[in-house]
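Student: Residue numbers (this note's numbering): 208 to 642.
By construction, the Cβ of each residue, glycine as well, lies at the ideal position given by its N, Cα and C atoms.
1) Cα separation between residue 329 and residue 303?
2) Measuring straight from C-alpha to C-alpha, what distance separates residue 520 and residue 597?
3) Is residue 433 helix, strand or coil when you go by DSSP?
4) Does the pairing of the segment 415–432 with the segment 565–573 give three or more beta-carbon distances under 8 Å?
5) Does the contact criterion of 3 or more C-beta pairs under 8 Å hold for the segment 547–566 versus the segment 464–484?
6) Applying the criterion that 16 or more other CB atoms from any shown protein chain within 10 Å of the CB defines a buried residue, is residue 583 buried or exposed?
7) Which residues mark the beginning and the end of the alpha helix (DSSP H) in which residue 521 is found?
8) Consult DSSP for residue 489 and reduce its assignment to one of helix, strand or coil.
9) Residue 578 lies in the alpha helix (DSSP H); which residues open and close that run?
10) For residue 541, which of 579, 508 and 385 has the nearest alpha-carbon?
11) Output needed for residue 588: all residues of its chain with C-beta closer than 7 Å, excluding positions within five of it in sequence on either side, in chain order.
12) Mind checking residue 431: buried by the 16 CB within 10 Å criterion, or exposed?
13) Do residue 346 and residue 400 have their C-beta atoms within less than 8 Å of each other?
14) Can you tell me where the alpha helix (DSSP H) with residue 554 in it begins and where it stops?
15) Express the C-alpha separation of residue 476 and residue 457 in angstroms, rounding to a whole number.
16) Report yes or no: do three or more beta-carbon pairs, one from the segment 446–455 and one from the segment 626–642, lie closer than 8 Å?
17) Take the Cβ of residue 319 as the centre, count every other Cβ of all protein chains shown within 10 Å, and call the residue buried at 16 or more, exposed below.
18) Let me make sure I understand the geometry here. Which of 327, 293, 355 and 291 has the alpha-carbon closest to that of residue 632?
19) Classify residue 359: buried if its beta carbon has 16 or more other beta carbons within 10 angstroms, exposed otherwise.
20) When the Cα atoms are used, what is the spatial distance from residue 535 to residue 297?
21) I think residue 443 touches residue 349, with their Cβ atoms under 8 Å apart; what is that distance to the nearest whole Å?
22) Check the DSSP bridge columns for residue 611 and list the partner residues they point to.
23) Can you list, in chain order, the residues of its chain whose CB lies under 8 Å from that of residue 509, leaving out five sequence neighbours each side?
24) What's the gap between the Cα of residue 622 and the Cα of residue 563?
25) Given a cut-off of 8 Å on the beta-carbon distance, is the pair residue 279 and residue 606 in contact?
26) Using CA atoms only, rank isn't needed, just tell me which of 312, 366 and 275 is closest to residue 636.
27) Find out if the Cβ-Cβ distance for the pair residue 554, residue 507 is shorter than 8 Å.
28) To the nearest angstrom, how far is the alpha carbon of residue 463 from that of residue 313?
29) When you compare the CB positions of residue 455 and residue 478, do they come within less than 8 Å of one another, or not?
30) When DSSP labels each residue in this structure, what does residue 406 get in the three-state scheme?
31) If I follow the unbroken alpha helix (DSSP H) through residue 342, where does it start and stop?
32) Excluding five sequence neighbours on each side, which residues of the same chain lie with their C-beta closer than 6 Å to the C-beta of residue 232?
33) Taking the alpha-carbon of residue 404 as reference, which of 487, 523 and 385 has the nearest alpha-carbon?
34) Assuming the contact rule is C-beta atoms closer than 8 Å, residue 530 and residue 518 should be a hit. Round their C-beta distance to whole Å, please.
35) DSSP state of residue 297, grouped into three classes?
36) From residue 408 to residue 484, what distance separates their C-alpha atoms?
Below is the structure:
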């Protein structure tokens, strides 16, 4: 189902696409060939869909290596966590998920240890295959804002104001969809939306739809503490390569739509780490930049300093995998219903990136071992280590499995190619230190 309302940067009346990437005469918006690829991204008029269109014979250019590593590392980490299969199963018929729930109840009631997994039965199994899910799609949502800010619509504003205006447009476009859905529902909370999102994001959108503005939308939010904004912050950092403070400030501006407290601190930390890694590919420098954004008197600040200290002082040579039990016992909470607190996932990601010495192929599998925080900790670890290693650090099999979004959270993004999206981001003047 496609969204009924306009989507920022794509739908009718929405912000213009970046002039530098719009092909001449393209109705609805065709983005020019991405450097280093043989295809282009097509934005279908009125639908706001980023999809791939093959085009032969395009000249190869220098690929956007750090940003490509960021997006693919985040997507690979997203795919590696067990919740990804649950998220991707949303594209299956509802009865398949209902049957899985019934089988789970059967296992509980009959004391069987054979546990059900998402199933296809007589349906095409493609949605259940290994691939990215919600985190990668919300990262692409933010990437759209960067491209919008680089376009002609906001070109009369300063660089910082352009980004903030684009972010505000994006959130309010989604909020308008919430408002439209609310008109068809007895209350905002029960509205059926053309998207799937974290509790914090749904609450923030509901707050916007009722007229609230940040920071109230993030403060008056039952999941203000979660890490939804941390994933978005990883992408926003590309606007300020090498400037940790500016990246953190931009991430906070976005985070205030859905978060408060540790949710905001975590976003600032991830943005600072990524911004530093974009120009200084050293894991310790990146992690130190993240720690500098975390107040010592907060839970996330205490946890992050503790986990990083553990990672830096281990001498057993076991790498990231060796500290998994310690993180599980000393950081991960087993009381709350959801394992999405920024105070846990961000420290885990920083510690595992440190213990892995910036190697994505070591940090991501270790993060996936922590089942309680596997919904986002692997994605955060993958984003940071992906930047440090660049696009070539992503194994070829993972690159192919994770480069294309399925639309399980934001259906309009189905078919988006993250490699091409990374190239578009790298080609904008906003992502240049001198832009």
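Tutor: Taking the coordinates as given:
1) Rounded to whole angstroms, the gap between the alpha carbons of residue 329 and residue 303 is 10 Å.
2) For residue 520 and residue 597, the gap between their C-alpha atoms comes out near 26 Å.
3) For residue 433, the secondary structure class from DSSP, reduced to helix, strand or coil, is strand.
4) With the rule of 3 Cβ pairs closer than 8 Å, the segment 415–432 does not count as touching the segment 565–573.
5) Segments in contact, yes.
6) With 16 or more other Cβ atoms inside 10 Å of its own Cβ, residue 583 counts as buried.
7) Premise fails: residue 521 is in no alpha helix (DSSP H) and is neither H nor E.
8) DSSP places residue 489 in coil when its eight states are reduced to three.
9) It is not in any alpha helix (DSSP H) - residue 578 carries neither H nor E in the DSSP assignment.
10) Comparing Cα-Cα distances from residue 541 to each of 579, 508 and 385, the minimum goes to 579.
11) Hits under 7 Å: 284, 556, 559, 560, 570, 571 and 574.
12) Flag for residue 431 reads buried.
13) If you check the CB distance, residue 346 and residue 400 do not come in under 8 Å.
14) For residue 554, the enclosing alpha helix (DSSP H) covers residues 549–562.
15) Here the C-alpha atom of residue 457 lies approximately 11 Å from the C-alpha atom of residue 476.
16) Verdict: yes, contact present.
17) Exposed, by the Cβ-count rule.
18) Measuring from the Cα of residue 632, the nearest candidate turns out to be 355.
19) By the beta-carbon neighbour count (other beta carbons within 10 angstroms, threshold 16), residue 359 is exposed.
20) Looking at the two C-alpha atoms, the distance is approximately 29 Å.
21) Their Cβ separation, rounded to whole angstroms, is 6 Å, which keeps residue 443 and residue 349 in contact under 8 Å.
22) Paired residue(s): 624.
23) Excluding sequence neighbours, residue 509 sits near 503.
24) Whole-angstrom Cα-Cα distance: 32 Å.
25) In this structure, residue 279 lies near residue 606, with their beta-carbon atoms less than 8 Å apart.
26) Selected option, being the one with the closest Cα: 366.
27) With a cutoff of 8 Å on beta-carbon distance, residue 554 and residue 507 are scored as near each other.
28) Each residue's alpha carbon lies about 42 Å from the other.
29) Yes, the Cβ-Cβ distance between residue 455 and residue 478 is below 8 Å.
30) Helix.
31) From DSSP, the alpha helix (DSSP H) with residue 342 extends over 341–356.
32) Residue placement at residue 232 is poorly supported in this model, since its pLDDT is 34, which falls under 50; the coordinates still yield a value, given next. Excluding positions up to five away in sequence, the list is empty.
33) The shortest C-alpha separation from residue 404 is found at 385.
34) Taking a contact as a CB-CB distance under 8 Å, the pair residue 530 and residue 518 counts as one, their CB atoms being some 6 Å apart.
35) Helix at residue 297.
36) Here the C-alpha atom of residue 408 lies approximately 27 Å from the C-alpha atom of residue 484.
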